[in-house]
């Protein structure tokens, strides 16, 4: 299996598998980038309504083509039909949210469930129409690349490439609108048109992705990559690029994995690959990741214990906290038996003096921006000027040694 | 409307109505709290829960599956909260990450495990099999009084009835705190209502409704019934009491009309086979919501700023 997986990764599994892998990678890239704008606009779940609303379109297109005597399974026809109902669903979400007092999430849920329900009705109608002949429309629910026709793979690869191109062309105005619609409008951008273009892009990604990932899971390709990318950077342009990369990788690796093992359905594998990237980002990303947060917390804890330990030394108080003891011992400030070393006494005196300086500073300064910086950790030298400290010292009197027998 | 009706249509009809009401009741509060899509998320994550329960017990039996599904719903809620808090991600996106990933996991497990000899597949999970819940032992209305025939009722019916009753009782018992915390969380906190626990309990109740209904009718009805009847009811009135009654009425109408249209509608058009009842019920609820959006007395947004 590993060999076939490597073969699939290197595009050695034949024409179709290669095309599907490339198509999935392009699709993932387009979905990740297009999804970033949705995510920044805080409308990620609108894509869920769009995706579910494709189902009746597929059914209607199949019925229409079958009635006209054509092959109902023609992919272009099915995709066109699904785009139409998905568009209607999208407009309905906007209409309900704008015209009635229902909130957007209620509108999303309503459109999603009703369109999907109607689609299921149509699927059962088709089952009775094509008795004995498998229409295979169920494959659109969860995606399937098994037995995909050569033309279909070409259509998906082309569609994915076009969507990536559209993102590249529209990225500037879309970023602006996603961040600050008011400012965008002021600079002469037609916010409604850009919003529509953004949604159109989402719709296109959904329709193209339906065949590979399936319409229930295609939203994952729009939502997960941007969320994962957001962990790594605070800059929009980088989020867009990263989301595109994450989406592309998961599409490519997922398609290859599924091609190498017959029983693995493509859609879920792609989504789970994507989720794995997300999980890694959640844990390991610097800054926002869980590990980084834990390390930050630990460093802060050590600083607090270091400082409080020094103050306790300076005041001659006994220390019982094991963490404080180990922090002081490791930095060579106390000996094994808990008695302060010379360095420890020196630093303790400094800490105590700092504390006293702050005390005076709080009495003479009523300025919150200065005194508000007191947190028991910040040395006063970093906040006040040398003259001010000299003034405080004048009030305090000369330095006193600490830690001697007292 | 005789023996055939009791045998073939009465139980699915009742199950449909009960499922619809059980979902619509918590749906009212979810809609007002802008958590409508929690129902969507829950009904997706029920699938992995059921599959895991099946893999552990090795059989399609009811209670392990209900437990598995409820467990999955709780895992999902925790996962969503974790992603939201740790990553400072907006709730919609956090939800999208969690439920798609869990659903994908469920599908994958299902495809990997050997379920060919049991009735467990993705399609069934999505749109249930309301039509198959027939009462074979019945041979007319008098069977309703026949203990032997009653014992052979599809088990989904009493289960759904119990769940619907529990949810109705919970709604009545917790009415005041629910109402207060839904409309004014700050005030609710001030008078000592544990709003956090109440919110979580509401989600768990919704999950229980979703799981019980899911077993009988599939997830698509569940999402539709969480949202459409309460949303339509919201447009009919400004009073929460009236809204809940409207939502129950709409849910009942959707279930009955949906079932009738699905079962008998195609016959009127000369076709022979019924269409999916679950899909039809969702469709009817959508039509009701559509009509409410167009004509309901309180549809308009009053004071847009206040609503925002």
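Residue numbers (my numbering), protein chains in the order written: chain A, 32 to 437; chain B, 28 to 335.
C-beta: ideal position from N, C-alpha, C; glycine also.
Nothing here was measured: the structure is a model prediction, and the numbers come from that model.
Contact the region 137-145 of chain A vs the region 252-268 of chain A: 3+ CB pairs below 8 Å: No: the two stretches stay apart, fewer than three of their Cβ pairs being nearer than 8 Å.
Of all the CB atoms in chain B, is at least one closer than 9 Å to the CB of residue 378(A)? Contact of residue 378(A) with chain B is not assigned, every C-beta pair being separated by 9 Å or more.
Classify residue 199(A): buried if its beta carbon has 16 or more other beta carbons within 10 angstroms, exposed otherwise. The residue in question, residue 199(A), is exposed, as its Cβ has fewer than 16 Cβ neighbours within 10 Å.
Within the 9 Å Cβ cut-off, does residue 251(A) reach chain B? Answer yes: the Cβ-Cβ gap between residue 251(A) and chain B drops below 9 Å somewhere.
I'd like the list of long-range same chain contacts for residue 132(B), defined as Cβ closer than 6 Å, with 5 residues on each side in sequence excluded. Excluding residues within five positions, the ones whose Cβ falls inside 6 Å are 75.
Between residue 158(A) and chain B, is any beta-carbon pair separated by less than 9 Å? For residue 158(A), the answer is yes, since a Cβ of chain B falls inside 9 Å of its Cβ.
Answer yes or no: do residue 124(B) and residue 254(A) have a C-beta to C-beta separation smaller than 9 Å? In this structure, residue 254(A) lies closer than 9 Å to residue 124(B) by Cβ.
Roughly how many whole angstroms lie between the Cα atoms of residue 153(B) and residue 117(A)? Distance between the alpha carbons of residue 153(B) and residue 117(A) is about 19 Å.
Which partner residues does residue 371(A) have in the DSSP bridge list? Per the DSSP secondary-structure output, residue 371(A) pairs in a beta bridge with 365(A).
Residue 101(A) lies in the alpha helix (DSSP H); which residues open and close that run? That residue, residue 101(A), is in no alpha helix (DSSP H); it is neither H nor E in DSSP.
Cross-strand partners of residue 327(B) (DSSP beta bridge): According to DSSP, residue 327(B) bridges with 131(A).
Residue-chain proximity (residue 130(A), chain B), Cβ-Cβ < 9 Å: With 9 Å as the cut-off, residue 130(A) counts as an interface residue toward chain B.
Could you list which residues in chain A have their beta carbon closer than 9 Å to that of residue 139(B), in chain order? Near residue 139(B) (Cβ distances below 9 Å), the residues of chain A are 294 and 295.
Taking 9 Å as the CB-CB limit, is residue 163(A) close to chain B? Because residue 163(A) sits at a pLDDT of 47, beneath the cut-off of 50, its placement in the model cannot be relied upon, and the following sentence gives the value as read from the coordinates. With 9 Å as the cut-off, residue 163(A) does not count as an interface residue toward chain B.
Against chain B: residues of the region 64-77 of chain A by CB proximity under 8 Å: Within the region 64-77 of chain A, the qualifying residues are 70, 73, 74, 75 and 76.
Residues that residue 294(B) contacts on chain A, provided the C-beta gap is smaller than 9 Å: Chain order gives no chain A residues near residue 294(B), where near means a beta carbon separation below 9 Å; the closest approach is about 12 Å.
At 9 Å on the CB atoms, spell out the chain A contacts of residue 327(B), in chain order. Residues of chain A whose Cβ lies closer than 9 Å to the Cβ of residue 327(B) are, in chain order, 130, 131 and 132.
Give me, in chain order, the residues of the same chain whose beta-carbon lies closer than 8 Å to that of residue 270(B); leave out the 5 immediate sequence neighbours on both sides. Result list for residue 270(B): 55, 257, 260, 261, 263 and 264, in chain order.
Should residue 174(B) go down as buried or exposed, given a rule of 16 or more other Cβ atoms within 10 Å for buried? Residue 174(B) comes out exposed.
Below 8 Å on the Cβ atoms is my guess for residue 34(B) versus residue 166(B); work out the distance and round it to an integer in Å. About 7 Å separates the two Cβ atoms, so the contact holds.
Using 10 angstroms around the beta-carbon of residue 317(A), count the other beta-carbons present and answer buried if the total reaches 16, otherwise exposed. Under this definition residue 317(A) is an exposed residue.
With a threshold of 8 Å on Cβ separation, who are the neighbours of residue 203(B) within its own chain once the five nearest residues in sequence on each side are excluded? Same-chain partners within the cutoff: there are none.
Quick check on the DSSP output: the alpha helix (DSSP H) that includes residue 241(A) runs from which residue to which? Secondary structure note for residue 241(A): its alpha helix (DSSP H) is the uninterrupted segment 222-244.
Do you know how far the Cα of residue 281(B) is from the Cα of residue 102(B)? One C-alpha to the other measures close to 31 Å.
Do the region 300-311 of chain A and the region 329-337 of chain A touch if we need at least three Cβ pairs shorter than 8 Å? Of all C-beta pairs linking the region 300-311 of chain A to the region 329-337 of chain A, fewer than three are shorter than 8 Å, placing the two stretches out of contact.
Comparing C-alpha positions only, which one of 111(A), 294(A) and 247(A) sits nearest to residue 82(A)? With distances taken between Cα atoms, residue 82(A) lies closest to 247(A).
Answer with yes or no whether the minimum CB distance from residue 248(A) to chain B is below 9 Å. It does; some Cβ of chain B falls within 9 Å.
Euclidean distance between Cα positions of residue 338(A) and residue 116(B): If you draw a straight line from the Cα of residue 338(A) to the Cα of residue 116(B), it is about 35 Å long.
Excluding the five sequence neighbours on either side, which residues of its own chain have a C-beta within less than 7 Å of the C-beta of residue 110(B), listed in chain order? Beyond the five residues adjoining it in sequence on each side, residue 110(B) comes within less than 7 Å, by CB distance, of 116, 121, 124 and 125 in the same chain, given in chain order.
Starting from the beta carbon of residue 120(B), find every residue of chain E whose beta carbon is closer than 7 Å, and list them in chain order. Going by chain labels, chain E is absent from the structure shown, which instead holds the protein chains A and B.
Looking at the C-beta of residue 310(B), does it have a partner C-beta in chain A at a distance below 9 Å? By this cut-off, residue 310(B) is an interface position.
Just by C-beta distance, which residues in the region 133-145 of chain A are closer than 7 Å to chain B? Taking a C-beta cut-off of 7 Å against chain B, the contacting residues of the region 133-145 of chain A are 133, 134, 136, 137, 139, 140, 141, 143, 144 and 145, listed in chain order.
Taking C-beta pairs closer than 7 Å, name the residues in chain A that residue 61(B) reaches, listed in chain order. Simply 134 and 136.
Does residue 302(B) come within less than 9 Å of chain A when only Cβ atoms are used? For residue 302(B), the answer is yes, since a Cβ of chain A falls inside 9 Å of its Cβ.
By Cβ distance, which residues of its chain are closer than 7 Å to residue 120(A), with the 5 residues on each side in sequence left out? So the qualifying residues of the chain are 80, 81, 84, 142 and 146.
Going by other Cβ atoms of all chains shown within 10 Å of its Cβ, with 16 needed for buried, is residue 335(B) buried or exposed? Summary for residue 335(B): the model assigns pLDDT 37, below 50, so the residue's position carries little reliability; its value from the coordinates is reported in the next sentence. Counting of Cβ neighbours within 10 angstroms places residue 335(B) among the exposed residues, the total staying below 16.
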